[in-house]
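J.: Attaching a single structure in C-alpha coordinates format; questions to follow.
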Amino acid sequence: MVKYQTVAVIGLGYIGLPTATVLASRGVKVIGVDVNRHAVDTINRGEIHIVEPDLDGLVRHVVQAGNLLATTTPLAANVFIIAVPTPFKDGHQPDLSYIEAAARAIAPVLEKNNLVILESTSPVGATEQLANWLAEVRPDLSFPHQVGEAADIQLAYCPERVLPGHVLRELVENDRIIGGATKRAAEMAAELYGLFVQGECLLTDCRTAEMAKLTENSFRDVNIAFANELSMICDKLDINVWELIKLANRHPRVNILQPGPGVGGHCIAVDPWFIVDSAPERARIIRTAREVNDSKPHFVVDKVVESASKYREPVIACLGLAFKANIDDLRESPAVEIVRILAAKGVGRILAVEPHVSELPKQLSGSIELVSIDEAIANANVIVILVDHVQFKKIEFCQEASIIDTRGMLSK
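The sequence shown maps to residues 61 to 472 in the numbering used here.
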(Lines of atoms letter the chains of each structure in order from A; the text may use other names.)
(Lines give C-alpha, C1' and ligand atoms only; values in the text may rest on other atoms or scores of the structure.)
Protein backbone atom coordinates (compact mmCIF):
# COMPACT_ATOMS: atom_id res chain seq x y z
CA MET A 61 0.00 0.00 0.00
CA VAL A 62 0.97 3.66 -0.26
CA LYS A 63 3.59 5.07 2.09
CA TYR A 64 3.09 8.45 3.68
CA GLN A 65 6.61 9.74 4.25
CA THR A 66 6.04 12.71 1.93
CA VAL A 67 2.95 14.16 0.25
CA ALA A 68 3.16 16.98 -2.30
CA VAL A 69 0.14 19.27 -2.68
CA ILE A 70 0.12 21.19 -5.95
CA GLY A 71 -1.82 24.44 -5.60
CA LEU A 72 -1.96 26.24 -2.25
CA GLY A 73 -5.25 28.07 -2.55
CA TYR A 74 -8.56 27.75 -0.74
CA ILE A 75 -8.49 23.93 -0.92
CA GLY A 76 -4.84 23.02 -1.35
CA LEU A 77 -3.50 24.91 1.64
CA PRO A 78 -6.06 23.57 4.16
CA THR A 79 -5.55 20.04 2.80
CA ALA A 80 -1.77 20.33 3.04
CA THR A 81 -2.06 21.75 6.54
CA VAL A 82 -4.41 19.07 7.87
CA LEU A 83 -2.16 16.33 6.47
CA ALA A 84 0.87 17.99 8.05
CA SER A 85 -0.95 18.17 11.38
CA ARG A 86 -1.19 14.37 11.26
CA GLY A 87 2.59 14.07 11.17
CA VAL A 88 2.96 13.72 7.39
CA LYS A 89 5.81 15.62 5.73
CA VAL A 90 4.06 17.87 3.22
CA ILE A 91 5.57 19.81 0.35
CA GLY A 92 3.24 22.56 -0.77
CA VAL A 93 3.80 23.74 -4.34
CA ASP A 94 2.49 26.94 -5.88
CA VAL A 95 3.57 29.22 -8.72
CA ASN A 96 2.72 32.26 -6.59
CA ARG A 97 5.96 33.31 -4.89
CA HIS A 98 4.10 35.59 -2.48
CA ALA A 99 1.93 32.68 -1.30
CA VAL A 100 4.99 30.44 -0.88
CA ASP A 101 6.94 33.02 1.12
CA THR A 102 3.91 33.83 3.27
CA ILE A 103 3.32 30.18 4.15
CA ASN A 104 6.98 29.56 4.96
CA ARG A 105 6.76 32.40 7.50
CA GLY A 106 3.93 30.47 9.16
CA GLU A 107 1.30 32.89 7.84
CA ILE A 108 -1.57 32.59 5.36
CA HIS A 109 -2.57 34.51 2.22
CA ILE A 110 -6.28 33.60 2.29
CA VAL A 111 -9.09 34.02 4.81
CA GLU A 112 -10.27 30.83 6.48
CA PRO A 113 -11.17 30.57 10.18
CA ASP A 114 -8.53 28.86 12.37
CA LEU A 115 -6.24 28.10 9.43
CA ASP A 116 -3.61 30.66 10.42
CA GLY A 117 -2.85 29.03 13.77
CA LEU A 118 -2.66 25.54 12.28
CA VAL A 119 -0.34 26.67 9.48
CA ARG A 120 1.94 28.35 12.00
CA HIS A 121 2.07 25.15 14.04
CA VAL A 122 2.89 22.76 11.19
CA VAL A 123 5.46 25.09 9.64
CA GLN A 124 7.23 25.53 12.97
CA ALA A 125 7.13 21.75 13.47
CA GLY A 126 8.85 21.27 10.12
CA ASN A 127 5.98 19.29 8.61
CA LEU A 128 4.98 21.83 5.94
CA LEU A 129 7.37 23.41 3.46
CA ALA A 130 6.18 25.56 0.55
CA THR A 131 8.08 25.81 -2.72
CA THR A 132 7.55 26.94 -6.30
CA THR A 133 9.10 23.77 -7.73
CA PRO A 134 7.80 20.20 -7.21
CA LEU A 135 10.06 17.83 -5.31
CA ALA A 136 9.99 14.04 -5.08
CA ALA A 137 7.19 12.62 -2.94
CA ASN A 138 5.19 9.45 -2.41
CA VAL A 139 1.82 11.03 -3.17
CA PHE A 140 0.94 14.05 -5.31
CA ILE A 141 -2.36 15.85 -4.74
CA ILE A 142 -3.34 18.29 -7.49
CA ALA A 143 -5.63 21.10 -6.29
CA VAL A 144 -5.37 23.76 -8.98
CA PRO A 145 -8.11 25.92 -10.54
CA THR A 146 -10.33 24.64 -13.36
CA PRO A 147 -12.11 27.67 -14.83
CA PHE A 148 -13.92 27.71 -18.15
CA LYS A 149 -12.99 29.31 -21.45
CA ASP A 150 -15.17 31.24 -23.88
CA GLY A 151 -18.35 29.33 -24.58
CA HIS A 152 -18.25 27.83 -21.08
CA GLN A 153 -15.84 25.09 -22.15
CA PRO A 154 -13.66 23.58 -19.39
CA ASP A 155 -10.14 24.98 -19.16
CA LEU A 156 -7.79 22.19 -18.05
CA SER A 157 -4.60 24.15 -18.68
CA TYR A 158 -3.80 24.41 -14.97
CA ILE A 159 -4.11 20.65 -14.55
CA GLU A 160 -1.92 20.09 -17.59
CA ALA A 161 0.69 22.50 -16.22
CA ALA A 162 0.63 20.69 -12.87
CA ALA A 163 1.01 17.32 -14.63
CA ARG A 164 4.02 18.47 -16.63
CA ALA A 165 5.55 20.02 -13.51
CA ILE A 166 5.36 16.86 -11.36
CA ALA A 167 6.10 14.33 -14.12
CA PRO A 168 9.91 14.69 -13.97
CA VAL A 169 10.00 13.80 -10.24
CA LEU A 170 7.56 10.86 -10.37
CA GLU A 171 8.89 7.51 -9.16
CA LYS A 172 7.54 3.97 -9.34
CA ASN A 173 4.72 3.26 -6.85
CA ASN A 174 3.73 6.94 -6.57
CA LEU A 175 0.07 7.87 -6.30
CA VAL A 176 -1.31 10.95 -8.09
CA ILE A 177 -4.64 12.31 -6.87
CA LEU A 178 -6.65 14.93 -8.72
CA GLU A 179 -8.84 17.03 -6.40
CA SER A 180 -9.65 19.88 -8.80
CA THR A 181 -13.28 19.97 -9.85
CA SER A 182 -13.12 18.61 -13.38
CA PRO A 183 -15.22 17.43 -16.31
CA VAL A 184 -15.71 13.70 -16.77
CA GLY A 185 -12.57 12.21 -18.29
CA ALA A 186 -10.13 14.67 -16.74
CA THR A 187 -8.31 12.03 -14.67
CA GLU A 188 -7.78 9.95 -17.80
CA GLN A 189 -6.46 13.03 -19.59
CA LEU A 190 -4.13 13.65 -16.64
CA ALA A 191 -2.74 10.14 -17.06
CA ASN A 192 -2.12 10.81 -20.75
CA TRP A 193 -0.19 14.00 -20.00
CA LEU A 194 1.95 12.23 -17.41
CA ALA A 195 2.63 9.30 -19.73
CA GLU A 196 3.64 11.70 -22.48
CA VAL A 197 6.40 13.18 -20.32
CA ARG A 198 7.40 9.89 -18.64
CA PRO A 199 7.36 7.07 -21.23
CA ASP A 200 9.68 5.14 -18.91
CA LEU A 201 6.80 4.64 -16.44
CA SER A 202 3.53 2.76 -16.90
CA PHE A 203 0.08 4.16 -16.13
CA PRO A 204 -3.39 2.66 -15.50
CA HIS A 205 -4.71 3.29 -19.00
CA GLN A 206 -1.79 1.22 -20.31
CA VAL A 207 -1.49 -1.75 -17.92
CA GLY A 208 -4.26 -1.32 -15.33
CA GLU A 209 -3.59 -2.55 -11.80
CA ALA A 210 0.07 -3.24 -12.54
CA ALA A 211 0.83 0.40 -13.39
CA ASP A 212 3.95 2.01 -11.95
CA ILE A 213 1.96 5.19 -11.21
CA GLN A 214 -1.55 4.96 -9.81
CA LEU A 215 -4.16 7.71 -10.28
CA ALA A 216 -7.32 8.64 -8.41
CA TYR A 217 -9.90 11.39 -8.40
CA CYS A 218 -11.08 12.70 -5.03
CA PRO A 219 -13.11 15.91 -5.25
CA GLU A 220 -13.22 18.39 -2.40
CA ARG A 221 -16.70 19.02 -0.97
CA VAL A 222 -16.16 21.67 1.69
CA LEU A 223 -17.83 24.98 2.51
CA PRO A 224 -15.65 28.11 2.62
CA GLY A 225 -15.57 29.38 6.17
CA HIS A 226 -15.86 25.82 7.51
CA VAL A 227 -13.12 24.09 5.52
CA LEU A 228 -11.03 22.68 8.37
CA ARG A 229 -14.03 21.09 10.04
CA GLU A 230 -15.58 19.74 6.86
CA LEU A 231 -12.29 18.32 5.55
CA VAL A 232 -12.36 16.04 8.58
CA GLU A 233 -16.07 15.40 9.10
CA ASN A 234 -17.50 15.06 5.59
CA ASP A 235 -17.74 11.79 3.68
CA ARG A 236 -15.25 11.56 0.83
CA ILE A 237 -15.78 10.17 -2.67
CA ILE A 238 -12.69 8.40 -3.97
CA GLY A 239 -12.59 7.36 -7.59
CA GLY A 240 -9.72 5.20 -8.71
CA ALA A 241 -8.41 4.67 -12.20
CA THR A 242 -7.91 1.17 -10.76
CA LYS A 243 -9.15 -0.60 -7.65
CA ARG A 244 -5.63 -0.43 -6.27
CA ALA A 245 -5.51 3.34 -6.76
CA ALA A 246 -8.81 3.84 -4.95
CA GLU A 247 -7.61 1.75 -2.01
CA MET A 248 -4.32 3.64 -1.84
CA ALA A 249 -6.12 6.99 -1.85
CA ALA A 250 -8.59 5.81 0.78
CA GLU A 251 -5.71 4.84 3.03
CA LEU A 252 -4.23 8.33 2.69
CA TYR A 253 -7.48 10.19 3.37
CA GLY A 254 -8.13 7.85 6.26
CA LEU A 255 -5.37 9.67 8.11
CA PHE A 256 -7.68 12.62 8.73
CA VAL A 257 -11.18 11.94 7.35
CA GLN A 258 -13.64 10.90 10.05
CA GLY A 259 -16.45 10.58 7.54
CA GLU A 260 -16.82 7.54 5.30
CA CYS A 261 -14.53 7.10 2.30
CA LEU A 262 -16.74 5.91 -0.58
CA LEU A 263 -14.85 4.07 -3.31
CA THR A 264 -15.85 4.13 -6.97
CA ASP A 265 -14.25 4.66 -10.39
CA CYS A 266 -12.79 8.03 -11.39
CA ARG A 267 -15.44 8.92 -14.00
CA THR A 268 -18.27 8.38 -11.51
CA ALA A 269 -16.41 10.42 -8.90
CA GLU A 270 -15.92 13.25 -11.39
CA MET A 271 -19.62 13.23 -12.25
CA ALA A 272 -20.62 13.04 -8.59
CA LYS A 273 -18.86 16.31 -7.84
CA LEU A 274 -20.51 18.04 -10.79
CA THR A 275 -23.88 16.59 -9.82
CA GLU A 276 -23.68 17.88 -6.25
CA ASN A 277 -23.01 21.43 -7.38
CA SER A 278 -25.54 21.31 -10.21
CA PHE A 279 -28.21 20.19 -7.74
CA ARG A 280 -27.43 23.25 -5.64
CA ASP A 281 -27.42 25.52 -8.68
CA VAL A 282 -30.82 24.32 -9.90
CA ASN A 283 -32.38 24.90 -6.48
CA ILE A 284 -30.81 28.35 -6.12
CA ALA A 285 -32.10 29.21 -9.60
CA PHE A 286 -35.63 28.38 -8.44
CA ALA A 287 -35.23 30.81 -5.51
CA ASN A 288 -33.70 33.51 -7.70
CA GLU A 289 -36.45 33.16 -10.29
CA LEU A 290 -39.04 33.41 -7.52
CA SER A 291 -37.44 36.64 -6.29
CA MET A 292 -37.74 38.23 -9.73
CA ILE A 293 -41.36 37.10 -10.10
CA CYS A 294 -42.20 38.43 -6.63
CA ASP A 295 -40.64 41.77 -7.47
CA LYS A 296 -42.96 42.07 -10.45
CA LEU A 297 -45.99 41.07 -8.35
CA ASP A 298 -45.05 43.29 -5.36
CA ILE A 299 -44.63 40.35 -2.98
CA ASN A 300 -41.96 40.05 -0.28
CA VAL A 301 -40.07 36.96 -1.46
CA TRP A 302 -38.46 36.41 1.94
CA GLU A 303 -41.84 36.18 3.66
CA LEU A 304 -43.16 34.00 0.85
CA ILE A 305 -40.31 31.50 1.16
CA LYS A 306 -40.64 31.44 4.95
CA LEU A 307 -44.31 30.59 4.64
CA ALA A 308 -43.88 28.04 1.84
CA ASN A 309 -41.14 26.28 3.78
CA ARG A 310 -43.62 25.49 6.54
CA HIS A 311 -44.87 22.74 4.25
CA PRO A 312 -43.28 19.50 5.52
CA ARG A 313 -41.87 18.57 2.09
CA VAL A 314 -40.79 22.02 0.86
CA ASN A 315 -37.35 23.51 1.47
CA ILE A 316 -36.80 26.51 -0.81
CA LEU A 317 -33.34 28.05 -0.62
CA GLN A 318 -32.65 31.75 -0.18
CA PRO A 319 -32.29 33.99 -3.26
CA GLY A 320 -29.36 36.35 -3.73
CA PRO A 321 -27.70 38.60 -6.31
CA GLY A 322 -26.59 35.59 -8.35
CA VAL A 323 -24.32 32.61 -7.77
CA GLY A 324 -20.59 32.81 -7.20
CA GLY A 325 -17.61 30.78 -6.13
CA HIS A 326 -15.45 28.46 -8.14
CA CYS A 327 -17.79 25.48 -7.79
CA ILE A 328 -21.51 26.16 -8.19
CA ALA A 329 -21.08 28.96 -10.71
CA VAL A 330 -18.76 26.87 -12.89
CA ASP A 331 -19.30 23.13 -12.51
CA PRO A 332 -22.77 22.83 -14.11
CA TRP A 333 -21.30 24.14 -17.35
CA PHE A 334 -18.97 21.11 -17.39
CA ILE A 335 -22.04 18.85 -17.55
CA VAL A 336 -23.66 21.05 -20.20
CA ASP A 337 -20.46 20.92 -22.27
CA SER A 338 -20.34 17.12 -22.06
CA ALA A 339 -24.00 16.54 -22.99
CA PRO A 340 -25.46 19.80 -24.37
CA GLU A 341 -28.51 18.17 -25.92
CA ARG A 342 -29.52 16.49 -22.64
CA ALA A 343 -28.63 19.03 -19.94
CA ARG A 344 -31.67 21.25 -20.42
CA ILE A 345 -32.64 21.99 -16.81
CA ILE A 346 -29.02 22.40 -15.78
CA ARG A 347 -28.38 24.88 -18.59
CA THR A 348 -31.53 26.88 -17.82
CA ALA A 349 -30.63 27.10 -14.14
CA ARG A 350 -27.21 28.48 -15.05
CA GLU A 351 -28.81 31.05 -17.34
CA VAL A 352 -31.26 32.14 -14.63
CA ASN A 353 -28.51 32.56 -12.05
CA ASP A 354 -26.21 34.32 -14.52
CA SER A 355 -29.02 36.77 -15.32
CA LYS A 356 -29.66 37.77 -11.70
CA PRO A 357 -26.80 40.33 -11.47
CA HIS A 358 -28.31 42.20 -14.44
CA PHE A 359 -31.68 42.25 -12.68
CA VAL A 360 -30.01 43.78 -9.61
CA VAL A 361 -28.21 46.36 -11.76
CA ASP A 362 -31.54 47.43 -13.27
CA LYS A 363 -32.98 47.93 -9.76
CA VAL A 364 -29.97 50.03 -8.74
CA VAL A 365 -30.18 52.16 -11.89
CA GLU A 366 -33.87 52.74 -11.21
CA SER A 367 -33.16 53.89 -7.64
CA ALA A 368 -30.18 56.03 -8.66
CA SER A 369 -32.28 57.89 -11.23
CA LYS A 370 -34.17 59.57 -8.36
CA TYR A 371 -31.05 61.50 -7.32
CA ARG A 372 -29.27 64.34 -9.09
CA GLU A 373 -25.84 63.10 -7.93
CA PRO A 374 -26.24 59.46 -6.91
CA VAL A 375 -23.68 57.93 -4.59
CA ILE A 376 -24.05 54.15 -4.56
CA ALA A 377 -22.62 52.10 -1.72
CA CYS A 378 -22.17 48.44 -2.65
CA LEU A 379 -21.85 46.37 0.50
CA GLY A 380 -19.79 43.24 -0.13
CA LEU A 381 -17.70 41.86 -2.97
CA ALA A 382 -17.15 38.26 -1.85
CA PHE A 383 -19.36 35.54 -3.27
CA LYS A 384 -20.72 34.63 0.18
CA ALA A 385 -20.69 35.93 3.72
CA ASN A 386 -17.63 36.23 5.97
CA ILE A 387 -14.92 35.15 3.51
CA ASP A 388 -12.53 36.95 1.15
CA ASP A 389 -13.14 34.76 -1.92
CA LEU A 390 -14.12 36.88 -4.93
CA ARG A 391 -14.07 34.11 -7.53
CA GLU A 392 -17.06 34.33 -9.90
CA SER A 393 -18.71 36.67 -7.40
CA PRO A 394 -21.99 38.18 -8.63
CA ALA A 395 -21.30 41.16 -6.37
CA VAL A 396 -18.12 41.94 -8.28
CA GLU A 397 -19.99 41.66 -11.57
CA ILE A 398 -22.75 43.99 -10.35
CA VAL A 399 -20.25 46.63 -9.22
CA ARG A 400 -18.34 46.32 -12.50
CA ILE A 401 -21.47 46.82 -14.60
CA LEU A 402 -22.63 49.79 -12.51
CA ALA A 403 -19.26 51.49 -12.97
CA ALA A 404 -19.30 50.79 -16.71
CA LYS A 405 -22.74 52.35 -16.99
CA GLY A 406 -21.58 55.50 -15.20
CA VAL A 407 -24.61 55.42 -12.94
CA GLY A 408 -22.96 57.57 -10.26
CA ARG A 409 -20.17 57.56 -7.71
CA ILE A 410 -19.54 53.93 -6.73
CA LEU A 411 -18.32 53.11 -3.21
CA ALA A 412 -17.38 49.46 -2.58
CA VAL A 413 -17.18 48.00 0.91
CA GLU A 414 -15.45 44.67 1.50
CA PRO A 415 -13.97 44.22 4.98
CA HIS A 416 -12.05 41.09 3.96
CA VAL A 417 -9.85 42.62 1.24
CA SER A 418 -7.31 45.45 1.27
CA GLU A 419 -7.52 46.31 -2.42
CA LEU A 420 -9.97 46.01 -5.28
CA PRO A 421 -9.62 43.22 -7.85
CA LYS A 422 -8.23 44.23 -11.23
CA GLN A 423 -11.60 44.23 -12.98
CA LEU A 424 -12.81 46.93 -10.55
CA SER A 425 -9.77 49.20 -10.70
CA GLY A 426 -10.44 52.73 -11.89
CA SER A 427 -13.32 54.89 -10.77
CA ILE A 428 -14.59 52.58 -8.00
CA GLU A 429 -13.55 53.53 -4.46
CA LEU A 430 -12.86 50.92 -1.75
CA VAL A 431 -14.03 52.56 1.48
CA SER A 432 -14.94 51.73 5.07
CA ILE A 433 -18.46 50.89 6.18
CA ASP A 434 -18.83 54.21 8.01
CA GLU A 435 -17.70 56.27 5.01
CA ALA A 436 -20.05 54.42 2.67
CA ILE A 437 -23.11 54.81 4.88
CA ALA A 438 -22.36 58.49 5.58
CA ASN A 439 -22.11 59.42 1.91
CA ALA A 440 -24.46 57.11 0.02
CA ASN A 441 -28.01 57.84 -1.04
CA VAL A 442 -28.37 54.36 -2.62
CA ILE A 443 -27.22 51.34 -0.60
CA VAL A 444 -26.98 47.90 -2.20
CA ILE A 445 -26.58 44.93 0.16
CA LEU A 446 -24.77 42.32 -1.94
CA VAL A 447 -23.27 40.13 0.80
CA ASP A 448 -24.62 39.55 4.30
CA HIS A 449 -21.27 39.81 6.12
CA VAL A 450 -21.62 39.84 9.90
CA GLN A 451 -20.18 43.38 9.93
CA PHE A 452 -23.10 44.63 7.83
CA LYS A 453 -25.70 43.25 10.22
CA LYS A 454 -24.60 45.83 12.81
CA ILE A 455 -25.23 48.82 10.54
CA GLU A 456 -27.88 51.40 11.46
CA PHE A 457 -29.10 52.36 8.01
CA CYS A 458 -30.10 55.93 7.20
CA GLN A 459 -33.84 56.15 6.56
CA GLU A 460 -33.33 58.69 3.80
CA ALA A 461 -31.25 56.32 1.67
CA SER A 462 -32.74 53.94 -0.90
CA ILE A 463 -31.82 50.37 0.09
CA ILE A 464 -31.71 47.42 -2.27
CA ASP A 465 -31.36 44.27 -0.18
CA THR A 466 -30.40 41.30 -2.38
CA ARG A 467 -29.82 39.01 0.59
CA GLY A 468 -32.96 39.63 2.62
CA MET A 469 -30.75 40.77 5.47
CA LEU A 470 -33.18 43.43 6.64
CA SER A 471 -36.18 41.12 6.26
CA LYS A 472 -34.52 38.60 8.55
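Here a beta-carbon is modelled for each residue, glycine too, at the ideal position from N, C-alpha and C.
Thinking Val399 and Ile410 are a contact (beta carbons under 8 Å), I'd like their distance in whole angstroms, please.
T.: Here residue 399 is taken as the residue at index 339 of the sequence shown, counted from 1. Here residue 410 is taken as the residue at index 350 of the sequence shown, counted from 1. With 8 Å as the limit, Val399 and Ile410 qualify as a contact, their Cβ atoms being about 6 Å apart.
J.: Roughly how many angstroms separate the alpha carbons of Asp114 and Thr181, rounded to a whole number?
T.: Within the sequence shown, the letter at position 54 stands for residue 114. Within the sequence shown, the letter at position 121 stands for residue 181. Straight through space, the alpha carbons of Thr181 and Asp114 are spaced by roughly 24 Å.
J.: Can you give, in chain order, each stretch of the alpha helix (DSSP H) that sits fully within the stretch 252-336 and has at least 4 residues?
T.: You should have 266-297 and 301-308.
J.: Taking C-beta to C-beta, are Val176 and Leu118 nearer than 8 Å?
T.: For the purposes of this step, residue 176 is taken as the residue at position 116 of the sequence shown. For the purposes of this step, residue 118 is taken as the residue at position 58 of the sequence shown. Contact flag unset, no.
J.: Please report how far the alpha carbon of Thr466 lies from the alpha carbon of Val361, in whole angstroms.
T.: To locate residue 466, count along the sequence shown from 1; it is residue 406. To locate residue 361, count along the sequence shown from 1; it is residue 301. C-alpha separation (whole angstroms): 11 Å.
J.: For Lys453, which residues in the same chain have their Cβ closer than 8 Å to its Cβ, ignoring the five residues on either side in sequence?
T.: Looking up residue 453 in the sequence shown gives position 393. Met469.
J.: Are the Cβ atoms of Asn192 and Asn288 separated by less than 8 Å?
T.: Locating residue 192 in the sequence shown gives position 132, counting from the first residue. Locating residue 288 in the sequence shown gives position 228, counting from the first residue. Not in contact: Asn192 and Asn288 (Cβ atoms no closer than 8 Å).
J.: Alpha carbon to alpha carbon, what distance is there between Arg350 and Pro147?
T.: Residue 147 sits at position 87 when you count from the first residue of the sequence shown. Residue 350 sits at position 290 when you count from the first residue of the sequence shown. Their backbone Cα atoms lie some 15 Å apart in a straight line.
J.: Skipping 5 residues on each side, what residues in its chain have a beta carbon closer than 8 Å to that of Met61?
T.: By one-based count along the sequence shown, residue 61 stands at place 1. Below a pLDDT of 50, predicted positions are generally treated as unreliable, and Met61, at 44, falls in that range; the measurement from the model is reported next regardless. Hits under 8 Å: Glu247, Met248 and Glu251.
J.: Could you give the distance in angstroms between the alpha-carbon of Ala195 and the alpha-carbon of Phe203?
T.: Taking the sequence shown and counting its residues from 1, the one referred to as residue 195 is at position 135. Taking the sequence shown and counting its residues from 1, the one referred to as residue 203 is at position 143. Taking the Cα positions, Ala195 is about 7 Å away from Phe203.
J.: Flag this pair as touching only if the stretch 257-264 and the stretch 227-244 have three or more C-beta atom pairs under 8 Å; answer yes or no.
T.: yes
J.: Let's see if you can read the secondary structure: which residues bound the alpha helix (DSSP H) around Ile346?
T.: Looking up residue 346 in the sequence shown gives position 286. Taken as a continuous stretch (DSSP letters only), the alpha helix (DSSP H) holding Ile346 covers Arg344 to Ala368.
J.: With distances taken Cα to Cα, identify the nearest neighbour of Ser432 among His416, Leu424 and Gly426.
T.: As a first step, residue 432 is located in the sequence shown; it is residue number 372 there, counting from the start. Ranking His416, Leu424 and Gly426 by Cα distance to Ser432 puts His416 first.
J.: Among Asp116, Ala272, Arg198 and Arg244, which has the Cα closest to the Cα of Val227?
T.: As a working mapping, residue 227 is identified with position 167 in the sequence shown. Nearest neighbour of Val227 by Cα position, chosen from Asp116, Ala272, Arg198 and Arg244, turns out to be Asp116.
J.: Between Lys405, Glu276 and Lys89, which lies nearest to Trp333 when the distance is taken from Cα to Cα?
T.: As a first step, residue 333 must be located in the sequence shown, where it is residue number 273. Taking only the C-alpha atoms, the option nearest Trp333 is Glu276.
J.: Within 10 Å of its beta-carbon, does Leu340 have 16 or more other beta-carbons around it, so buried, or fewer, so exposed?
T.: Taking the first residue of the sequence shown as position 1, residue 340 is located at position 280. Per the sequence shown, residue 340 should be read as Pro rather than Leu. Pro340 should be labelled exposed.
J.: Put Glu429 into one of helix, strand or coil per three-state DSSP.
T.: By 1-based counting over the sequence shown, the position of residue 429 is 369. Glu429 carries a strand assignment under DSSP once its states are collapsed to helix, strand and coil.
J.: Below 8 Å, how does it come out for the stretch 371-379 and the stretch 422-441: are there three or more Cβ pairs, yes or no?
T.: yes
J.: When the Cα of Gly325 is compared with those of Ser393, Leu402 and Val69, which residue comes out closest?
T.: Position 265 of the sequence shown, counted from the first residue, corresponds to residue 325. Of Ser393, Leu402 and Val69, the residue nearest in Cα terms is Ser393.
J.: Give the secondary structure of Val139 by DSSP, where H, G and I count as helix, E and B as strand, and everything else as coil.
T.: Walking along the sequence shown from the start, residue 139 turns up at place 79. Three-state DSSP puts Val139 in a strand.
J.: When you compare the CB positions of Asn309 and Asn300, do they come within less than 8 Å of one another, or not?
T.: One-based indexing of the sequence shown puts residue 309 at position 249. One-based indexing of the sequence shown puts residue 300 at position 240. Taking 8 Å as the Cβ cut-off, Asn309 and Asn300 do not qualify as a contacting pair.
J.: Tell me Pro475's beta-bridge partners as DSSP assigns them.
T.: Because the chain is modelled from 61 through 472, residue 475 falls outside the range shown and cannot be assessed.
J.: Please state if the CB of Val139 and the CB of Val67 are separated by a distance shorter than 8 Å.
T.: Taking the first residue of the sequence shown as 1, we reach residue 67 at position 7. Taking the first residue of the sequence shown as 1, we reach residue 139 at position 79. In contact: Val67 and Val139 (Cβ atoms closer than 8 Å).
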